Structure formats: C-alpha cells, structure tokens
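Data block below; observations after.
Numbering (our numbering), first residue to last: 379 to 607.
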C-alpha cells in the first residue's frame, strides 16, 4: 500500500525521479486507477488527470513507459470509467449517494452538459472528455435520462476515450522533444487546455443557440407577413 501511495504522490507532484525508480506494473496500475476514478465519479473531478496524461507522454518519450502499453491502459480505464458513470445514472438514479453527488454539481456545469447533449447528442462524449467534471457528469446524465441506448454508449465511449488520451499523451511526447525553456512554457499552456476547450464548446453552443433564435424570429416575422397579406 505504501508503494501505491508513493506513486500517487509522485504523479500528483510530477516527480520524474521518483517515477523512474517506481515499479512499472504498479505505475501502470496507478495510472489506470487514476483515470478510471476520475472518469467514473464526480467527486474525483479534482484529480489532475489531464496533466498526468501529458506527463505520461513525456515519460514514454524518455523510455520510462511503453507508449503503446500506457495508451492501452489509459483508454481501457477511461472507457470503464465512463461505463461506471453511465451505470450510476441508468441503474442507481434513486441512490442517495448518487443524488448527493449530483446536488454538488454547479448550475453552470449542468447547463454545459445539457447543451452538449441537446446540440451534439452522442458526439457530446468527444467534447466532454476535455472538460473536467462534465466528462463524468455527461455519461451519468445520459444514463439518468435514457437519452441513448446502452449498446450505442458502449460502442462510442472507447472512441472518445482514445481521442482524448491520444491528444494529451502525444502532446506530452512532443513537449519532451523541445528545448527545456520551451517545454516549460508549452507545458503550462497545455495545463489550460481543458479551460480552452470549455470556452470553445460554450462559445459554439451559444453561437448555435443565437443562430437558431434568429432563424426562428425571422420565420415568425415571415409568417406574420403572410397572414397580413
């Protein structure tokens, strides 16, 4: 147990020296658990999964981790985490624990989730992966409201997990190839990636809503003119 805790601590603080000396099997296990828990449970949204996956890319570039192995482990963990979140909404909607978790979600995050589902449907899974809290909330809401068949969710979830993980891991892989002064700057910018994605998603949703309202307004005006004529 102490070995696992030390690895989690090293991941949290991004201690490369400690990770180089860690047992590889335990390191893969800790990475998988981290991604699974953060993808499955809303209270775990504070875990630094995006930055950890960028770190995994750097570790793979340094030869500490096997690139294909870490991608496989993280995709599987992300997929299983989404299934667990979907199951919580689909089967445990009456559970007091799940209800308490949902009560802790802010109105803004609920609105983001609802808009993603309304605008993109199943494709919302791909956007939600890059938004903390929403990536575990969205599959739970899909299960809660029965907006999608479980089989379709099971087939789409691994694809969204793969895209999310590949983007972040290869970002980290590329960073490690840059000069040190540049890699630090790029790494800090990538830490803001979830916020940038959230801004883009919200902007596109707001723009889409404005266009629809404008189209509806024009349609109503045209209809009134036809009635008067």
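Backbone N, C-alpha and C fix where the C-beta goes; we use that ideal spot for every residue, glycine too. Just so we're clear, the structure is a prediction, and the values are computed from it rather than from any experiment.
**Request:** Compute the Euclidean distance between the alpha carbons of residue 518 and residue 545, then round it to the nearest angstrom.
**Result:** Residue 518 sits at position 140 when you count from the first residue of the chain shown. Residue 545 sits at position 167 when you count from the first residue of the chain shown. In a straight line, the C-alpha of residue 518 is about 24 Å away from that of residue 545.
**Item:** Every unbroken alpha helix (DSSP H) within the stretch 487-529, with a cutoff of 4 residues, ordered by chain
**Value:** Listed in chain order, the complete alpha helix (DSSP H) runs (minimum 4 residues) inside the stretch 487-529 are 502-506, 512-523.
**C-alpha distance - residue 419 paired with residue 454, whole-angstrom precision** = Here residue 419 refers to the residue found at position 41 when the chain shown is read from its first residue. Here residue 454 refers to the residue found at position 76 when the chain shown is read from its first residue. Their backbone Cα atoms lie some 16 Å apart in a straight line.
**Sequence-distant residues of the same chain with beta carbon closer than 6 Å to residue 432, five excluded per side** = Here residue 432 refers to the residue found at position 54 of the chain shown. So the list reads 546, 549, 550, 568, once near-sequence residues are dropped.
**Request:** Tell me where the alpha helix (DSSP H) around residue 431 begins and ends.
**Result:** Your numbering for residue 431 matches position 53 in the chain shown. Segment 427-439, the alpha helix (DSSP H) holding residue 431.
**Item:** Residue nearest to residue 401 in terms of C-alpha spacing, selected from 425, 443, 520
**Value:** As a working note, residue 401 is residue 23 in the chain shown. Comparing Cα-Cα distances from residue 401 to each of 425, 443, 520, the minimum goes to 443.
**Message:** Out of 553, 434, 423, which one is the CA nearest neighbour of residue 511?
**Reply:** As a first step, residue 511 must be located in the chain shown, where it is residue number 133. It is 423.
**Prompt:** Should the stretch 488-506 be called in touch with the stretch 389-409, which here means at least 3 C-beta pairs below 8 Å?
**Reply:** Judged by Cβ distances under 8 Å, the stretch 488-506 makes no contact with the stretch 389-409, as fewer than three pairs qualify.
**Prompt:** Can you tell me where the alpha helix (DSSP H) with residue 464 in it begins and where it stops?
**Reply:** Position 86 of the chain shown, counted from the start, is the residue given in the question as residue 464. Counting along the chain, the unbroken alpha helix (DSSP H) around residue 464 starts and ends at 445-469.
**Buried versus exposed, by CB contacts within 10 Å (16 or more), residue 507** = Along the chain shown, read from residue 1 onward, the residue named residue 507 stands at position 129. The C-beta of residue 507 has 16 or more other C-beta atoms within 10 Å across all chains shown, which makes the residue buried.
**Message:** Our contact map puts residue 514 next to residue 463 with C-beta atoms below 8 Å; I'd like the distance itself, whole angstroms only.
**Reply:** Position 136 of the chain shown holds residue 514. Position 85 of the chain shown holds residue 463. Separation of the CB atoms of residue 514 and residue 463 is rounded to 5 Å, and the pair is thereby assigned contact status at 8 Å.
**Item:** 8 Å contact criterion, which residue 461 and residue 538 should meet: CB distance rounded
**Value:** Indexing the chain shown from 1 puts residue 461 at position 83. Indexing the chain shown from 1 puts residue 538 at position 160. 12 Å between Cβ atoms; not a contact.
**Prompt:** Is it buried or exposed for residue 509, if we count other Cβ within 10 angstroms and need 16 for buried?
**Reply:** The sequence position of residue 509 within the chain shown is 131, counting from 1. Residue 509 is classed as buried because its beta carbon has at least 16 other beta carbons within 10 Å across all chains shown.
**Asked** Alpha carbon to alpha carbon, what distance is there between residue 411 and residue 389?
**Response** By one-based count along the chain shown, residue 389 stands at place 11. By one-based count along the chain shown, residue 411 stands at place 33. Straight-line Cα distance between these residues: approximately 12 Å.
**Cβ shell of residue 543 (< 7 Å), same chain only, five flanking positions each side left out** = To locate residue 543, count along the chain shown from 1; it is residue 165. Excluding residues within five positions, the ones whose Cβ falls inside 7 Å are 431, 449, 452, 453, 456.
**Asked** Does the distance from the CB of residue 467 to the CB of residue 417 come in under 7 Å?
**Response** Taking the first residue of the chain shown as position 1, residue 467 is located at position 89. Taking the first residue of the chain shown as position 1, residue 417 is located at position 39. No, the Cβ-Cβ distance between residue 467 and residue 417 is not below 7 Å.
**Cβ-based burial, residue 440 [other Cβ within 10 Å; buried from 16]** = Along the chain shown, read from residue 1 onward, the residue named residue 440 stands at position 62. By the Cβ neighbour-count rule, residue 440 is exposed, with fewer than 16 other Cβ atoms within 10 Å of its own.
**Request:** Would you identify the three-state DSSP class for residue 555, choosing helix, strand or coil?
**Result:** Position 177 of the chain shown, counted from the start, is the residue given in the question as residue 555. DSSP places residue 555 in coil when its eight states are reduced to three.
**Asked** Once you ignore the five residues that flank residue 382 on each side, which residues in its own chain have a CB closer than 7 Å to its CB?
**Response** Mapped onto the chain shown, residue 382 falls at position 4. Cβ neighbours of residue 382 beyond the five flanking positions: 404, 408.
**Prompt:** So what's residue 579 in DSSP terms, helix, strand or just coil?
**Reply:** Against the chain shown, residue 579 aligns to sequence position 201. Unreliable positioning characterises residue 579 in this predicted model, as indicated by a pLDDT of 48, which lies under 50. A coordinate reading is not provided.
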